[in-house]
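Just so we're aligned: 157 in numbering that gives the first Met the number 0 is position 158 of the sequence shown, and the numbers increase by one with no gaps anywhere.
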Amino acid sequence: MLSFVARRIAAALGTLLLSSLLVFLAVQALPGDVATQVLGKDATPQAVAELRGSLGLDRPAFERYGDWMWGALHGDFGTSLVSGQAVGGDVAQYLGNSALIAAITILFAVTGSLLLGILAGLYRDRWPDHLISTVSLVGMSVPEFVVATVLVLCFSVALPWFPAVVLYGPDATVGQLLPAVWLPAFALAVVMAAYIVRMARTSVIDVMASEYVTTARLKGLSTWRVVTRHALPSALLPVLHVIALNVAWLLGGVAVVENVFNYPGIGKLMLSSVQNRDLPVIQAIALISAVVYVVCNLAADLGAMALNPRLRARGRTR
0 MLSFVARRIA AALGTLLLSS LLVFLAVQAL PGDVATQVLG KDATPQAVAE
50 LRGSLGLDRP AFERYGDWMW GALHGDFGTS LVSGQAVGGD VAQYLGNSAL
100 IAAITILFAV TGSLLLGILA GLYRDRWPDH LISTVSLVGM SVPEFVVATV
150 LVLCFSVALP WFPAVVLYGP DATVGQLLPA VWLPAFALAV VMAAYIVRMA
200 RTSVIDVMAS EYVTTARLKG LSTWRVVTRH ALPSALLPVL HVIALNVAWL
250 LGGVAVVENV FNYPGIGKLM LSSVQNRDLP VIQAIALISA VVYVVCNLAA
300 DLGAMALNPR LRARGRTR
């Protein structure tokens, strides 16, 4: 089992290394000159050359990649070309604000979608299944920015219960941001939960039709015991990876929703950095996104191993 975990961790580290290389190369391949864009078209060639030298753009790419990775491993992502501040501090501040939305989204989306998916699977082809499946299909079909816009119209304009936009900056406290968190979190949860509901429903239907569940029923076990003791551990296995992918998707989905609500999170910082061509910030956010994706998939693999005795046995035999 330890070797199984070690292989998964080694694969995750290899994926992160490859992702960091691709992120660096993709950012460096962007058209245009960074120094010219920062200084403006009227800058003199001497000023552009001096800025390129100070940014290290006149050095070989492999040297710049090595320095960037060494700094990233120590939490140093360089200096922002726009604010002149350390990238790590800016990204951490915005990321903390987005984490507030993400935590609420994950709590409601994962818990609610699992309950609804299990309910739809247990009541297959009956009215709870039809209702849940229809709502989840609508959630999968509608983009998150449309859901966010509808929520603003309903709960900020028609019913002024929640603020439509955030008027605070990235240094806002949790108490200041909390009233404005619920609409963007619900918009993300609707889209995120739809995929988990569909997968949970399919998995529960497959497991409930399996031979060992039928045997448990023939032994006279109650439906609640059959579902919780025998069906759910196996039904959750394929759902774990869907949850992991959706949690990793949050960083991308949050970028759109945060701009709808003017929320000072990592998504808003990412879009503004792309517009201003702030390459150190773009690289840091892309690398953090890769880390989140790899960690979520690693957690899903370890969770599947914990729930499935066959995976643990296979890990021991190897």
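Glycine residues also receive a C-beta, built at the ideal position from the N, C-alpha and C atoms.
Annotated three-state conformation of residue 172 is coil, per DSSP.
The criterion of a C-beta distance shorter than 7 Å is satisfied by residue 101 and residue 249. A straight line joining the alpha-carbon of residue 184 with that of residue 222 spans about 34 Å.
Judged by DSSP in its simplified three-state form, residue 213 adopts helix. When DSSP states are grouped into helix, strand and coil, residue 230 belongs to the helix group. When the beta-carbon positions are compared, residue 121 and residue 196 stay at least 7 Å from each other. Within the same chain, Cβ atoms closer than 6 Å to the Cβ of residue 94 are found at 265, the five residues on either side in sequence being excluded. For the segment 98–142, the continuous alpha helix (DSSP H) assignments of 4+ residues that do not extend past its boundaries occur at 126–140, in sequence order. Nearest neighbour of residue 225 by Cα position, chosen from 209, 10, 300, turns out to be 209. From the listed residues 278, 109, 302, the smallest Cα separation to residue 51 is found for 278.
Contact between the segment 132–147 and the segment 226–237 is absent: fewer than three C-beta pairs spanning the two stretches fall below 8 Å.
When DSSP states are grouped into helix, strand and coil, residue 85 belongs to the strand group. Proximity of the segment 77–86 to the segment 267–278 meets the contact definition, three or more beta-carbon pairs being nearer than 8 Å. The C-beta of residue 300 has 16 or more other C-beta atoms within 10 Å across all chains shown, which makes the residue buried.
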